[in-house]
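Residue numbers (this note's numbering): -3 to 248.
Beta carbons: idealized from backbone N, C-alpha and C, even for Gly.
Computed from a predicted structure; not experimentally measured.
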């Protein structure tokens, strides 16, 4: 996969899926802006990319806030010289629990980060992509957006919205040369694993969830990173509106 001379933003890039995506894209030749609320973590990932011979910078970004999103894009254009790819990876969840126990505060946070961020992405990034006649957005959604999981109803709804928006924006902007795709990871080995399970992250509890996955393991950051990098590359130039399950067969 070749991303030479491409410039990418990866939100939520300080850890988990986002860190792996940023590093994999840099390995493919992209210059990467690592964006995250965690300034130290984002800087650490950018430094690791540069130490490996790649080009990267970092910025503090709250994707639920318009001014912060605009600053992230402006910093990318200034520091790296343009923008070709946006990976909307930053996300959050409420802890796995009955739908009626999720608080309004939890609900609002999930939808601001997982859904409203796509509105700011469209407002901030798409005009530039249309103007240059090219550009690619990859959204990191979830298998629960296709097949809701018990205890994650509101989170699942936010990811279903992301999947629907991916397809809608893909249709609307295809004639402008802009592609919009998504990946749907299964529960993954990240810091949010305990929240998704709704219980302590122990080998016994993990086994309960692994029984649902035909390939018998959780989604790894590298799995998501490879899928995202492919969808962002010219090898996928004829793909738009695709929502690719990265789930070990969970959604079959």
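Practice item. Put residue 12 into one of helix, strand or coil per three-state DSSP. Key: Here DSSP, grouped into helix, strand and coil, assigns residue 12 to helix.
Exercise for review: Give the straight-line distance between the Cα atoms of residue 238 and residue 95, rounded to the nearest whole angstrom.
Suggested key: Each residue's alpha carbon lies about 29 Å from the other.
Exercise for review: Ignore the nearest five residues each way along the sequence and tell me which others in residue 45's own chain have a CB closer than 7 Å to its CB.
Suggested key: Correct list, in chain order: 18, 19, 22, 28 and 52.
Point to revise | Which listed residue (154, 150 and 4) has its alpha carbon closest to that of residue 97 | key: Minimum Cα distance to residue 97 is reached at 150.
Review point. Under the three-state reduction of DSSP, which class applies to residue 79: helix, strand or coil?
Key: Three-state result, residue 79: coil.
Exercise for review: List the endpoints of the continuous alpha helix (DSSP H) containing residue 123.
Suggested key: Counting along the chain, the alpha helix (DSSP H) containing residue 123 begins and ends at 113 to 128.
Practice item. Determine the burial state of residue 177: buried for a count of at least 16 other Cβ atoms within 10 Å of its Cβ, exposed for fewer. Key: By the 16-neighbour rule on beta-carbons within 10 angstroms, residue 177 is buried.
Exercise for review: Just tell me which of 220, 121, 236 and 230 has its CA closest to the CA of residue 171.
Suggested key: The shortest C-alpha separation from residue 171 is found at 236.
Review point. Helix or strand or just coil, what does DSSP make of residue 212?
Key: Coil, per DSSP.
**Study point:** Residue nearest to residue 1 in terms of C-alpha spacing, selected from 248, 230 and 144
**Key:** For residue 1, the nearest C-alpha among the options comes from 230.
Practice item. Could you check the C-alpha separation between residue 56 and residue 34 for me, to the nearest Å? Key: Roughly 7 Å between the two C-alpha positions.
Exercise for review: Look up residue 91 in the DSSP assignment and say whether it is helix, strand or coil.
Suggested key: DSSP places residue 91 in coil when its eight states are reduced to three.
Practice item. Measure the C-alpha to C-alpha separation of residue 207 and residue 244 and round it to an integer number of angstroms. Key: A direct Cα-Cα distance of roughly 11 Å separates residue 207 from residue 244.
Practice item. Using alpha carbons as the reference points, say which of 224, 183, 85 and 240 lies closest to residue 212. Key: Among 224, 183, 85 and 240, the Cα nearest to that of residue 212 belongs to 183.
Review point. Does DSSP put residue 160 in a helix, a strand or coil?
Key: In the structure shown, residue 160 sits in a helix (DSSP, three-state: H, G or I).
Exercise for review: Could you please give the first and the last residue of the uninterrupted alpha helix (DSSP H) stretch that includes residue 258?
Suggested key: Nothing about residue 258 can be reported from this structure: the residues present for the chain run from -3 to 248 only.
Check your understanding: Hey, residue 5 and residue 77: beta-carbon distance below 8 Å or not?
Key -> It is not a contact, given that the beta carbons lie outside the stated cut-off.
Practice item. State the CB to CB distance for the pair residue 221 and residue 240, rounded to an integer number of angstroms; the pair is presumed to be in contact (CB under 8 Å). Key: Actually they do not touch by this definition, with Cβ atoms about 13 Å apart.
Exercise for review: Please determine, among 122, 165 and 233, the residue with the shortest C-alpha to C-alpha distance to residue 65.
Suggested key: Here the closest residue by C-alpha is 122.
**Study point:** Pair within 8 Å by beta-carbon distance, residue 79 and residue 118
**Key:** The criterion of a C-beta distance shorter than 8 Å is not satisfied by residue 79 and residue 118.
Review point. How long is the line joining the alpha carbons of residue 31 and residue 82, rounded to whole angstroms?
Key: Each residue's alpha carbon lies about 11 Å from the other.
Review point. Does DSSP classify residue 166 as helix, strand or coil?
Key: The answer is helix: DSSP assigns residue 166 an H, G or I state.
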